[in-house]
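Numbering (UniProt numbering), first residue to last: 1 to 112.
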């Protein structure tokens, strides 16, 4: 959920989304879901002469599985907050793994 929370903070900001097929789409991020599907408004395709069929499109929904990169402006990212959230997420995963290992190692009641 780290990426979902992070991208929710970018709603309303300009982003450039590079797709796995090489197309780069710039626009304003209007929504994101837990699958990292992105909705952009006021889009503009970089190298639009290669994709003339996209020239009349003003908004799009991009499936998260086709995204290679999301380019952001440096001032739109709070690096300290992102690092703290990443550390908390890693600590939570470590605690869950330790708890799972402890419960697997504990002898079950009722075994002979």
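We treat Cβ as the ideally placed atom computed from N, Cα and C, and that holds for glycine. Given the structure is predicted, the values throughout are model-derived calculations rather than measurements.
Check                                                                                                                                                                   : Outcome
Should residue 7 go down as buried or exposed, given a rule of 16 or more other Cβ atoms within 10 Å for buried?                                                        : buried
Three-state secondary structure (DSSP) at residue 145?                                                                                                                  : The structure shown does not extend to residue 145, since the chain spans only 1 to 112, so no value can be given for it.
Does DSSP classify residue 82 as helix, strand or coil?                                                                                                                 : helix
What's the C-alpha gap between residue 46 and residue 94?                                                                                                               : 42 angstroms
With H, G and I counted as helix, E and B as strand and the rest as coil, what does DSSP make of residue 64?                                                            : helix
Taking 8 angstroms as the cut-off, does the segment 30–47 touch the segment 55–65 (at least 3 CB pairs, one atom from each stretch)?                                    : yes
Comparing C-alpha positions only, which one of 75, 69, 5, 36 sits nearest to residue 16?                                                                                : 69
Using C-beta distances below 6 angstroms, list every residue in its chain close to residue 18, excluding the 5 sequence neighbours before and after it, in chain order. : 24, 68, 69
If we ignore side chains and look at the alpha-carbon of each, how far apart do residue 1 and residue 34 end up?                                                        : 7 angstroms
Applying the criterion that 16 or more other CB atoms from any shown protein chain within 10 Å of the CB defines a buried residue, is residue 32 buried or exposed?     : buried
Could you give the distance in angstroms between the alpha-carbon of residue 20 and the alpha-carbon of residue 66?                                                     : 6 angstroms
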